[in-house]
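J.: Before I ask anything, here is the structure I am working with.
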Amino acid sequence: MWKAANLRRFLFIAIAGAALAAEEIDSGVKTFTGVLAIVQREAAEPVAVARGIYEGAIPGMLRRLDPHSVFLDPMQFEQLKQMERSTQKGFGSVVSVLPGRVIVLQTLPGTPSARAGMSPGDEILAINDIRLELLDVEQLVELLGESRRRQVKLDVRRPGNVRILQFTLTPEELQSPSVERVWRLRPGIGYIRVGSFDEKTGEQVREAIEKLGGAALKGLILDLRNNAGGVVESALETASLFLQPGSAILSVRGRAVQHEEIKTPPDARPYTFPLAVLVNGKTASAAEIVAGAIQDHDRGAVVGEPTFGKGLVQRVMPLSEGAALALTTAFYYTPSGRSIQRPLTGLQLERATSAQALEYKTAGGRTVKGGGGIQPDVPVAPESYSRLRAVLDASGSMATFATAFLQKNRQITPSFEVTPQVLDEFQGFLSARNILPGVGEWSVDREWIRNRLKQEIFNQAFGVEKGDEVEAQRDPQVQRALELLSVPAPEGGSSSPEEDLALVHPVQNQPLHQNHR
Numbered sequence: 001m002w003k004a005a006n007l008r009r010f011l012f013i014a015i016a017g018a019a020l021a022a023e024e025i026d027s028g029v030k031t032f033t034g035v036l037a038i039v040q041r042e043a044a045e046p047v048a049v050a051r052g053i054y055e056g057a058i059p060g061m062l063r064r065l066d067p068h069s070v071f072l073d074p075m076q077f078e079q080l081k082q083m084e085r086s087t088q089k090g091f092g093s094v095v096s097v098l099p100g101r102v103i104v105l106q107t108l109p110g111t112p113s114a115r116a117g118m119s120p121g122d123e124i125l126a127i128n129d130i131r132l133e134l135l136d137v138e139q140l141v142e143l144l145g146e147s148r149r150r151q152v153k154l155d156v157r158r159p160g161n162v163r164i165l166q167f168t169l170t171p172e173e174l175q176s177p178s179v180e181r182v183w184r185l186r187p188g189i190g191y192i193r194v195g196s197f198d199e200k201t202g203e204q205v206r207e208a209i210e211k212l213g214g215a216a217l218k219g220l221i222l223d224l225r226n227n228a229g230g231v232v233e234s235a236l237e238t239a240s241l242f243l244q245p246g247s248a249i250l251s252v253r254g255r256a257v258q259h260e261e262i263k264t265p266p267d268a269r270p271y272t273f274p275l276a277v278l279v280n281g282k283t284a285s286a287a288e289i290v291a292g293a294i295q296d297h298d299r300g301a302v303v304g305e306p307t308f309g310k311g312l313v314q315r316v317m318p319l320s321e322g323a324a325l326a327l328t329t330a331f332y333y334t335p336s337g338r339s340i341q342r343p344l345t346g347l348q349l350e351r352a353t354s355a356q357a358l359e360y361k362t363a364g365g366r367t368v369k370g371g372g373g374i375q376p377d378v379p380v381a382p383e384s385y386s387r388l389r390a391v392l393d394a395s396g397s398m399a400t401f402a403t404a405f406l407q408k409n410r411q412i413t414p415s416f417e418v419t420p421q422v423l424d425e426f427q428g429f430l431s432a433r434n435i436l437p438g439v440g441e442w443s444v445d446r447e448w449i450r451n452r453l454k455q456e457i458f459n460q461a462f463g464v465e466k467g468d469e470v471e472a473q474r475d476p477q478v479q480r481a482l483e484l485l486s487v488p489a490p491e492g493g494s495s496s497p498e499e500d501l502a503l504v505h506p507v508q509n510q511p512l513h514q515n516h517r
């Protein structure tokens with residue numbers, strides 16, 4: 001088990017290694033206080049000194065370092081601590097917000113909305129007697145955010161029920177699970193979506209794998225798209241589920257931080273099934289640590305788009321009066337020696353990442369690119385949006401049609417498919433609302449429309465998780481990863497991911513030595 005102390009010992013600022021000598025600091029402080037005294041004495045208007053320092057001087061100094069070192073006022077510091085606990089007040093409902101409409105897609109077990117009896121497909125008509133039909137999307141989002149702070153009364157219309165239902169809900173502190181989705185895409189091939197890394201993520205991923213079949217799985221897609229990171233310790237635990245004992249996961253280097261390499265525990269018992277990791281431009285920080293370690297050890301294929309490139313070690317130091325300072329103290333590097341951090345524009349830290357090599361070698365001898373972030377082994381662009389797709393989504397036509405359809409067809413089963421007759425009905429629905437796609441547009445997007453209609457119907461009939469399963473059927477990045485996992489391991493090894501698609505299959509390699517060019 002990883003210990004928090006293993007990381008904390010990196011997170012300090014060594015006074016002996018300070019960039020400025022004591023006399024430079026004294027000189028700077030004297031100049032600052034001299035300017036402040038003149039401003040207080042001569043300025044045309046009274047000066048709020050504390051506010052000027054908190055909102056001007058300190059943030060201005062930190063901006064000269066890097067974009068991520070920040071001063072946190074007491075409210076921001078409290079919000080940060082709450083985010084680290086992955087808790088927030090709410091009712092436990094996942095909703096779809098459309099102009100004038102809020103539809104419940106899922107109620108989380110054990111939450112106020114679930115205990116009250118709310119169900120997928122319920123439409124919230126009013127919150128504390130405020131009618132939602134009169135509000136636009138921005139106003140609805142604001143109202144929903146405010147309602148989580150106090151007890152609310154909801155007027156709800158349930159499909160197939162003429163009577164308006166009323167619920168009184170009291171918000172509670174809710175734990176947001178970092179493992180958001182777990183299902184089988186095909187027999188023997190699992191899918192796990194990790195939305196963030198909190199204290200329990202490593203254990204949640206292991207439990208999800210066991211739920212899917214454990215070591216008997218034929219393959220796994222680990223979806224780290226839109227994962228902005230979180231607790232690094234949990235990223236280490238997650239990576240150790242797939243890497244051999246003693247394998248390097250990352251190293252930490254900084255001007256005032258001792259260089260140390262972090263490895264999987266010697267008693268690790270990793271899974272060995274084929275693996276594909278999905279990433280995109282919103283994959284960052286702790287999620288990039290996992291993707292980089294998997295890639296550098298040739299343990300699986302990284303599929304999707306280049307990641308964000310945030311590989312900073314930050315120490316959050318509490319200050320007086322409830323404030324705090326989040327300061328960059330070091331950088332994260334993958335096992336091959338690549339800096340995860342993209343080049344910075346700050347005056348002091350840009351030199352720390354500018355000399356890195358552009359090419360590195362994985363444990364199996366493949367070339368991977370440096371320069372910040374993780375470059376995918378198999379690049380796959382996300383689903384593109386045509387004009388018709390954008391119009392249908394922006395208008396809320398899919399969700400509105402799904403609600404009306406379910407009111408007339410209450411016996412929907414998981415085997416339901418959108419037939420040509422349903423598509424014709426939807427086309428008539430659009431015409432009645434003056435949305436008139438051309439013949440060519442409809443022909444090109446027909447399959448996309450069919451799948452999106454099925455997703456919206458499943459969202460409201462069975463919950464958003466079932467709807468997400470339907471969405472995965474048209475997701476090009478998921479489908480490419482599934483294709484990779486479905487290819488048997490070649491006997492001769494892999495020369496490139498595009499030639500024989502062997503990257504998803506685990507290999508036994510020599511220990512990886514970091515490239516320090």
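According to my numbering, the residues represented by the sequence shown are 1 to 517, in order.
We put the CB at the ideal spot given by N, CA and C, even for glycine.
1. Locate the beta strand (DSSP E) running through THR329, then write down its first and last residues.
2. Pull up the distance between the alpha-carbon of GLN348 and that of MET61, whole angstroms please.
3. Can we say the region 428-436 touches the region 396-409, given the rule of at least three CB pairs closer than 8 Å?
4. Would a C-beta distance cut-off of 8 Å place GLY396 and LEU105 closer than the cut-off?
5. Using three-state DSSP, classify VAL418 as helix, strand or coil.
6. Check whether the Cβ atoms of ASN280 and PRO382 lie closer than 8 Å to each other.
7. In the DSSP assignment, what are the bridge partners of PRO379?
8. Are three or more beta carbon pairs between the region 112-127 and the region 453-468 nearer than 8 Å?
9. Under three-state DSSP, which class holds SER495?
10. Please identify the residue among GLY304, PRO274 and PHE273 whose C-alpha is closest to the C-alpha of GLU288.
11. DSSP three-state label for LEU27, please.
12. With a threshold of 16 other CB atoms inside 10 Å of the CB of ASN128, please say whether the residue is buried or exposed.
13. Under a three-way DSSP split, which group does SER234 fall into?
14. Can you tell me whether DSSP reads VAL257 as helix, strand or coil?
15. Please determine if the region 264-283 and the region 214-222 are in contact, where contact requires at least 3 C-beta pairs separated by less than 8 Å.
16. Could you please give the first and the last residue of the uninterrupted alpha helix (DSSP H) stretch that includes GLY110?
17. Counting contacts by CB-CB distance shorter than 8 Å, is VAL95 in contact with chain C?
18. Suppose the cutoff is 8 Å on Cβ atoms and the five residues either side in sequence are ignored; what does the same chain contact list for ARG253 look like?
19. Grab me the residues of GLN421's own chain with a C-beta within less than 8 Å of its C-beta, minus the 5 sequence neighbours each way, in chain order.
20. Could you tell me which residues DSSP pairs with MET317 in its beta bridges?
21. Entirely within the region 169-250 and at least 4 residues each: give me those alpha helix (DSSP H) ranges in chain order.
T.: In brief:
1. Taken as a continuous stretch (DSSP letters only), the beta strand (DSSP E) holding THR329 covers 324-333.
2. Here GLN348 scores only 46 on pLDDT, less than 50, and its place in the model is too uncertain to base an answer on.
3. With a cut-off of 8 Å, the region 396-409 and the region 428-436 count as touching, because enough Cβ pairs lie within range.
4. Cβ distance not < 8 Å, so GLY396 and LEU105 don't count as in contact.
5. Note: VAL418 maps to coil in three-state DSSP.
6. One thing to note: ASN280 has its Cβ within 8 Å of the Cβ of PRO382.
7. GLY304, per the DSSP bridge assignment.
8. The answer is yes - the region 453-468 touches the region 112-127, with three or more Cβ pairs under 8 Å.
9. With a pLDDT of 44 at SER495, under the threshold of 50, the predicted position of this residue should be treated as unreliable, and no value is reported.
10. Of the listed residues, the one whose Cα sits closest to GLU288 is GLY304.
11. Position check: residue 27 holds Ser in this sequence, whereas Leu was assumed. It is helical.
12. Flag for ASN128 reads exposed.
13. Annotated three-state conformation of SER234 is helix, per DSSP.
14. In the structure shown, VAL257 sits in a strand (DSSP, three-state: E or B).
15. The region 264-283 makes contact with the region 214-222: 3 or more CB pairs, one atom from each, lie closer than 8 Å.
16. Under the DSSP assignment, GLY110 falls outside any alpha helix (DSSP H); it carries neither an H nor an E label.
17. As a matter of chain content, chain C is missing from the structure shown, which is built from one protein chain.
18. Counting only Cβ-Cβ distances below 8 Å, and skipping sequence neighbours, we find HIS259, ALA330, PHE331 and TYR333.
19. Cβ within range, chain order: n/a, list empty.
20. Partner(s): LEU325.
21. Counting only runs of 4 or more, we get 201-212 and 232-239.
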